[in-house]
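Heads up: the sequence shown begins at 15 in the working numbering, then just goes up one per residue. Report on one structure; see the data block that follows.
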Amino acid sequence: MKIIFMITLTFTILFANSSIKQSYADSFRYENMGNYKEAIKILKPIYQKYPKGYTLNLRLGWLFFLANRYQDSLKYYQKASFLIPSSIEPRLGICRVYLKTQYWEKAKLVAYTILQKDSFNYYANLYAVKALIGEKDFKDAKKITQKMLTLYPTDISFLELKALIESKYNINIAINIYNNILILDPNNVSARLFLKRVKR
């Protein structure tokens, strides 16, 4: 309850100032344009005033990730996690950074930490599978994928991962899954590339 109050208070303080509200709006506008450098730059003056703002640290973590500045992204995500230790959001951000930089073991450990709190968290399970595939631990990756497809039978992301895993064992099963993916998503790039490759 105290944490919710703190977040609400932070928002109230920040957005009571119309210039700060405009800076946030401009930051989102620059992000949508793909201009991440300006999206970050416009928030820096606010950060100097509110360095302990959870939402601000979380947003900067995301923007630095989009800008491929992974060490900076990690720094802000870690600070957001420190500010509200119970929050899953920055941990997912940290996991994305580790996956992008191919630190598979670190990504897996962060994902597993989230899953201890929320065993069916969609993104934590997704990132755990990706980390396990990166480590070539296809057995455990397959277990999680099957668990999630029981809940989300037509989910494209998990179907793609299942097809990738099955391609290591049984090419015909992988082909079947990719064909099913194309029924759900006719323009799916992964499926089209795989099926084109196996036809050669």
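Here a beta-carbon is modelled for each residue, glycine too, at the ideal position from N, C-alpha and C. Note that the structure is a prediction, hence the values are computed from the model and not measured.
Taking the Cβ atoms as the reference, Tyr91 lies roughly 7 Å from Val111, within the contact range of under 8 Å. Taking 8 Å as the cut-off, the beta carbon of Leu175 is found no closer than this to the beta carbon of Val124. If only complete runs of 4 or more residues are kept, the region 110 to 182 shows the alpha helix (DSSP H) at 118 to 131, 136 to 148, 152 to 165 and 170 to 180, in order along the chain. Considering only Glu103, Leu196, Ala205 and Asp151, the residue with the shortest C-alpha distance to Tyr136 is Glu103. Shown here, Ile102 sits in coil according to DSSP, grouped into three states, outside any helix or strand. Taking the C-beta atoms as reference points, Ala94 is found nearer than 8 Å to Asn71. In the three-state reduction of the DSSP assignment, Tyr64 falls in the coil class. Only exposed fits Asn201, as fewer than 16 other CB atoms lie within 10 angstroms of its CB. Your pair Ile34 and Ile60 checks out as a contact, with CB atoms roughly 6 Å apart and the cut at 8 Å. With respect to the 8 Å criterion, Thr159 and Ile179 are classified as neighbours on the basis of their beta carbons.
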